[in-house]
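**Student:** Counting with mature numbering (1 follows the signal peptide of the UniProt record, and there is no 0), you get residues -23 to -1, 1 to 236 for the letters of the sequence shown. The beta carbon of each residue, even a glycine, is placed where N, CA and C say it ideally should be. From a predicted model like this one, the values you see are computed outputs, not experimental measurements. Have a look at the structure that comes next, please.
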Amino acid sequence: MPRLIRFALIATFALALPLTTLAGDGPSKAVFVYGGWDGHAPKRFRDLVVPWLESEGFEVTVSDSLDIYADASVMAEVDLVVHLWTQGEITKEQFEPLRNAVQERGVGLAGWHGGLGDSFHRNQEFEYMVGGQWVRHPGNDGVRFTVNIIDHDDPITAGLDDFEVETEQYYMHVDPNNHVLATTSFVTDFEPWVKGTTMPISWTRMHGNGRVFYTALGHQPEVFDVPEAFTMLKRGILWASRSKYEDTPDLVSPVYPVE
Ligand SMILES: [Zn+2]
């Protein structure tokens, strides 16, 4: 099949897959927090994701300050936190209400790329919650690589085929308890000692009672012009938003052999 036609078919199929709409007793309040290193285009991502969240029925509180996490009236009501803040620092007064919301009350946490996976290196508890931490992107931006869907049954990746992107390929230190949805392989010689490595690129996990969704895609908003990438992101965010409302199975499953 000609590549263009095949791509069009995949794109049509991916877009036709339903996203869960909000109905009845379900999540309705989201906080979208953006800032940190400007090279990750936080404002352009805000303009991409916030209107989509609103179209899904969320009432979104948008904040360019981490102080929103210390606002008890907001955090008492929220179902979902979308966190986009590369690098930087978070104070105890900002972090603890966020952690408690996720860990104790089952608020969902979702994010992408450095906005969730490269935040607050000095706060190990934040990294623990996310399940991974950015280390490197061999070759920097513009690396062409394949995203391999490895869980075809999970609702976030069901029906999606492997797809190619051209962006930063994140090398991360990851938690072995992540439920990995998609991986990528390092096939270039940019940093040859990692050639052949298979690295998780999207995962889910639980942190206490809260669902966490992360994808390492998202250096710039344009990567989500790839329909499969945006579908995975949107489904992941919606999945995270429902942790107060649905049961979640134990996602811990050891990846290393046990004697
Ligand atoms: Zn980046």
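On the premise that T63 lies in contact with G13, defined as a C-beta separation below 8 angstroms, what is that separation, rounded to the nearest angstrom?
**Tutor:** Indexing the sequence shown from 1 puts residue 13 at position 36. Indexing the sequence shown from 1 puts residue 63 at position 86. Right, the Cβ-Cβ distance comes to about 4 angstroms (below 8 angstroms), so this counts as a contact.
**Student:** Terminal residues of the continuous beta strand (DSSP E) containing K6?
**Tutor:** To locate residue 6, count along the sequence shown from 1; it is residue 29. Where K6 is concerned, the enclosing beta strand (DSSP E) stretches over K6 to G13.
**Student:** Would the segment 133 to 151 count as touching the segment 181 to 199 if we require 3 or more Cβ pairs under 8 angstroms?
**Tutor:** The segment 133 to 151 vs the segment 181 to 199: in contact.
**Student:** Identify every run of the alpha helix (DSSP H) within the segment 64 to 88, keeping only runs that are complete inside it and at least 4 residues long; order them along the chain.
**Tutor:** 69 to 80, all fully within the segment 64 to 88.
**Student:** Could you please give the first and the last residue of the uninterrupted beta strand (DSSP E) stretch that includes G16?
**Tutor:** Taking the sequence shown and counting its residues from 1, the one referred to as residue 16 is at position 39. Run containing G16: none; DSSP gives neither H nor E here.
**Student:** When the Cα atoms are used, what is the spatial distance from V232 to G108?
**Tutor:** Translated into the one-based positions of the sequence shown, residue 232 becomes position 255. Translated into the one-based positions of the sequence shown, residue 108 becomes position 131. Their Cα atoms are separated by approximately 14 angstroms.
**Student:** Within the same chain, show all residues whose beta-carbon is closer than 6 angstroms to that of M52, passing over the 5 residues directly before and after it, in chain order.
**Tutor:** As a working note, residue 52 is residue 75 in the sequence shown. Closer than 6 angstroms at the Cβ level, and outside the excluded window around M52, lie P74 and A78.
**Student:** Taking 6 angstroms as the limit between beta carbons, can you name the residues of its chain near residue 261, skipping five residues before and five after?
**Tutor:** This structure cannot settle anything about residue 261, because the visible part of the chain is limited to -23 through 236.
**Student:** Should H60 be counted as a contact of ligand 1 given a C-beta to heavy atom distance under 7 angstroms?
**Tutor:** Here residue 60 refers to the residue found at position 83 of the sequence shown. Because no heavy atom of ligand 1 lies under 7 angstroms away, the Cβ of H60 does not count as near it: no.
**Student:** Does DSSP classify V26 as helix, strand or coil?
**Tutor:** As a first step, residue 26 is located in the sequence shown; it is residue number 49 there, counting from the start. Reduced to three states, the DSSP call for V26 is helix.
**Student:** At 3 residues or longer, and completely inside the segment 165 to 218: list those beta strand (DSSP E) runs for me, N to C.
**Tutor:** DSSP runs (the beta strand (DSSP E)) wholly in the segment 165 to 218: 175 to 184 and 187 to 192.
**Student:** On the CB-based measure, 16 or more other CB atoms within 10 Å of its CB, does H184 come out buried or exposed?
**Tutor:** Stepping through the sequence shown from its first residue, residue 184 is reached at position 207. The residue in question, H184, is buried, as its Cβ has 16 or more Cβ neighbours within 10 Å.
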